[in-house]
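Heads up: the structure comes next, in structure tokens.
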Amino acid sequence: METILLAGPVTALEFVGEDILLSGEGPYLTVNQLDSPACHVSRRVLARHHIHGIRLAPQQVLAPVKTELAVFGGKELQVLELRSYQEERSVLQDLSPLRELKDWIWDVCWLKHFLPNTSTCQGLLAVALAHNSVLLIDPVAGREIQEVHCEEKCILYSALFVGHEWDHLVLVSGTVFNQLILWRPGNCGLKNEEGRARAEKRIEGHHGVIFGLAYQSDCGFLASASDDRSVRLWKVGDLTVDETFWKPSIESCYQPMCLHILYGHQARVWAIRFLADKLLSIGEDGACLLWDCHHGKVLQKLEGHRGKGIRALAVRQALEGVHWVATGGADGGIRQWRIDREEKDHVEVETKDKWLIRLQFDGHGSPKIVRLADRGRQMLVMTDMGSIYSSILGAPGEVNSWQLLTEDPDFQSYSILELSSNLDMSGASHMQAEYCAVGSICGRVKVFSLSHPDVVEELKKAKGKIHNLCWGPCLDHSRMLFVSASDGQVYCWQVLDTLKNTPLKVFQCGILLLPSCRQRWLTGVRYLPERNMWVCGDRRGSVLLYNDMRNDAVLGTFEAISFLFGLHGKQGVTSVEVWDGQVYSSGRDGCFRILSVRDMPEGGPIFEVLRVLRLGPSMEWIERLLFQAPGLEWGKGPLVMGFHSTDFILWDFVAKETLLTVPCGGGHRSWTYSCSMASGSLVQDSFAYIKQGAVYMYHGTRFNPGSSHQAVTKAGLHGSKITCLCHLGCVAAAGEAVDILVTSSEDTTISVLSLQPSRGQISPLASLTDHISSVRALAKIHPGKTVPANQHPETLSSLFVSAGGRAELHSYRVTIGWDGRRKALTCQVVHLAMHRLDEHWDRKKNRHKTIKMDPETRYMCLAVVEAGDCKGDGVIVVAACSDGAVRAFSLQEEQRRLVLLWESFYHQRCVLCVAVFSQCWDTHCRQMFLCSGATDGNIAIWDISESATKEENEDSSAPQWLTPSLLVSAHQCGVNCLDVGETEVPGQYLVLSGSDDNSLHVCLVDISNRMAPLQLLRTFSVVSAHAAPITGARWLTPHFLVSASVDQRVVLWSVREASLSWQEACLSHVADVSSLEIWQKEDGDKTVLSVCGQGLQVLQLGSILQDISCLKS
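Oh and the sequence shown: position 150 is 150 in UniProt numbering, straight run, nothing missing.
Below, the structure is given as structure tokens:
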């Protein structure tokens, strides 16, 4: 077995020059060419341990043509030479054999050693070991020169070398006693009577073990990161030159002094690095903080990794003041961040209060509405006295005098104001004029241009109160204004762009009628040019579709031709957007939805929900999606505006990064946002709001998400353990076969991945966030047609289901294709249906007679079988449940429904796994069987052929005749995995199971006689197949199977004469293995295995057909 792809926590990073970034994942060292991503090289350099450190020879840090480096992890050490060439792949060569030491390695340092009577410098290595000793090694000769022990013999959690000469070498040790011990292993260090090096200095202060150390020789700073969530900065001076530091003295001037105790992380701090006069720290909370060493303040917070934190940190200091920081996360991702010293003020977080100011408003009345115009350069304020004031904004914090634009007593107390310029954030304007519309409680609406506010056009008075005003996009040099009045009537007006100092031309186009509900007014409008229709969102949470009212010569009332009532709940729709032919709606339910308009065979166009995307607890109120602002372009996804608690948040959906946070008090107030280009790659953010009758203004500058401020060198997969994976198929991409995988995780997400072993890439294509709890199981519906060998489809369409906590079941249709124009894979995911047990119980008419479903029920495993004679689309989904039930669902794709058919509580304990298989008797008759395994170690085999045709009714209990046909006592503990394989004898099947008791069990069953009951022919097992619970077991052929376990071994077994024989084993680099998947290459020559857990590993088996023939002979 050969590893072809590996994605796991990035545990080591190091820059080589300006164009190369080295990364360590497991035992593999990857050379990432930053200027040529397709030229990266990956090689296994360690045997069993993960790489935890990369150290470059000091004289070659800035000479990337030929670089010596030491790579270490666990107890293993390897010395390599990196040769890099322009526009070509780099080459890694061994300079010494792999060396395994007697103790864990915490740090490695290159030393300068001049040969006697010569000027030749030979590199030696100093190695810090876990029991506070130092080993001096000649890497070329492969011999140990000297070993020095410290008198403080204890376990270390971290160590750091200071210096590059043996005589003056200093080791800073972070002990298990929360102390820092400084001692010198070289000739200058003090020794005790036993010849051990003295612990010359002790530094105390931390309340937890010390995980990270860093030293800055220019400033004489020593930094330590601890389990107590703090970073402490110490003043120690030059440790290698200043001998006064090491002299025994009781004077405090010779003792290390704590300058700052830095608290900013929400969890343990793993590592720290100095960057000039600043300090970087990474932690378990997934944040990278940039600290000011002189004042002890946070300058910048870098976020983007998901899940369990950042594990690796590297810095590249440039002479021109522009630095780069690389972070590697537990999600397997690598990100680069630009730190520009010349732009300090733009990245400071703690000093944002000086940009958040209270404006001096001296107008008549109290401010009620605030709006920004002219890309943040002009502010409008409407008061409770019906007055509208305008001010031209200067430098941040400077407001010119307020100018009264208009005043009307009818707009006192209650008024609505909206600018047409607010729409320009999602699309560049084709008009020069910006319009303002004002509505009153008595139905009056005024419209005027901001450039000429004295030219006011009053619209026809509407019936009742004006609830809201919405501006449509610019179409043919005109704007559409939608006025929401009483009784759900929306008056549509077309405002033409006219010459200066001329009256506005306004024409009424018709009236839109909203569905009957309590709160009937629009909250967002967009034009769908592909359909010549209007997409609207209302306060009741509905998304509606209307024909273009401008095409009718006669004014009339238009009803929605399609709508999704209450799609976003009673809190309402906050915005609708149209981008790339799709409709995006957002709401206060904390999610935004992707919709499309589909033509029905009988009837008109209807809305279809493709995806539901949630941002998690960090943003429970989504206000608007920004795809493109004027002069700004960013990545493939939107920027999301919303609120979390009392903060306004701007979130980059692609980079998973918070761009802006303003403490404004929440979204239940008048507020406005605008952004524009400042200079270079910087963006000027302007945010204004009203709080307690005062107008507040925020100014800030940040990097454009589309600029080079940050780069995703490698995309991450999941933030937590991967629980299951499923192979969907293969698709042709630029002449290359690309495998498509779906993975689920404890972080409640599902990822669609593409595997390209030739490029060494595992690329996420889509992330699904519909589950509200951990996703435990995945299952694929096998397509009805097969693809001939060596003919990969250009488009792959597959149906799969997912299940997990809170008894939640989802189904999806995913379509993967190759876009030749963009030279990239395209992925479209359609969410078909969702089923939850608590909602199913609530819909029952006789629910008072039954016991309510446990809301904490978890689906443990899924199995799918196609049944041609069942209701709907002929797909049965069987779920193993933690409440002791086996449940069967019917998936109806056309109706987009998941229907519970029956449930059985035969096992009376947690059901861990299920598997299905079928026997075809003729073209019209097929018998379906179900295998289920529970925590008692028993395997039940059911005949579910008749129960699959059961229709939906109030009683979902299993029929009385539905009992297991066969019960096999296979294991002493729970059955974790099941798989059924065909034999060469028709009607005989092999049932394979793996258990918590570390055993593999195989039973041969016979169903060849349709009229006779199921027969158990024989069973055989391996008691200690693994050293830990088995979590995956699959059949390759009737003669071969493969198993995976928590002991991180993947084992190939052969079946011969009713026994299992060990053939081959491979050590997996994925910890806590949870699932195993296999598939055959399209050419049929190779089999691919994949295991998941704390990462994802893909292995390849050669052809096993020759092995089978050898066994037969």
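For each residue, glycine too, the CB sits at the ideal point set by N, CA and C. What you are looking at is a predicted structure, and each value in this text was computed from that prediction instead of being measured.
Going by the CB atoms, is the gap between residue j and residue i shorter than 8 Å?
i	j	result
L169	A159	no
A880	L837	no
S224	L180	yes
A779	L862	yes
A128	L111	no
I622	T661	no
G472	R479	yes
V968	T1037	no
M834	I357	no
Determine the direct distance from the alpha carbon of residue j to that of residue i, and round the result to whole angstroms.
i	j	result
V495	P37	50 Å
P788	D228	Legend: pLDDT at P788 = 45, less than 50; position of this residue unreliable, no value from coordinates given.
V775	V455	60 Å
E657	G304	5 Å
I466	L555	20 Å
V1023	P1029	12 Å
A1065	R1049	7 Å
V209	I105	17 Å
H294	W579	47 Å
C724	C1092	7 Å
N547	R821	33 Å
T1031	K721	14 Å
L567	V877	27 Å
G524	C470	6 Å
G309	S281	12 Å
L222	C288	19 Å
P757	H323	33 Å
P986	Q927	14 Å
V347	V325	Confidence at V347 is low in this model, with a pLDDT of 37, below 50, so its placement is unreliable and the value that follows should be read with caution. About 15 Å.
D218	H265	26 Å
R184	E147	12 Å
L962	V875	19 Å
With a threshold of 16 other CB atoms inside 10 Å of the CB of residue i, please say whether the residue is buried or exposed.
i	result
W166	buried
G784	Caution is warranted here: a pLDDT of 42 is assigned to G784, below 50, making its placement in the model unreliable, and no coordinate value can be reported.
I261	exposed
N192	exposed
W921	exposed
E577	buried
R1010	exposed
If you reduce the DSSP assignment to three classes, tell me which class residue i lands in.
i	result
D1072	coil
E154	Inspection of the sequence shows that residue 154 is occupied by Cys rather than by Glu. Reduced to three states, the DSSP call for C154 is coil.
P663	strand
E18	coil
P453	coil
residue 1171	Lying outside 1 to 1113, the shown extent of the chain, residue 1171 is not represented and no answer is given.
G123	strand
A807	helix
E68	strand
P1013	coil
E350	For E350, the predicted structure reports a pLDDT of 37, less than 50, and the residue's modelled location is therefore unreliable. The matter cannot be settled from this model.
M1	coil
N938	strand
I816	strand
Using CA atoms only, rank isn't needed, just tell me which of the options is closest to residue i.
i	options	result
L290	I339, E284, L522	I339
S516	N532, A560, E530	A560
G974	L213, S670, G994	G994
E608	V583, G394, M1011	V583
A141	S1059, T574, K446, P97	P97
L101	L80, Q93, G73, L613	G73
H477	R526, H452, K505	K505
G665	I781, I649, I441, M677	I649
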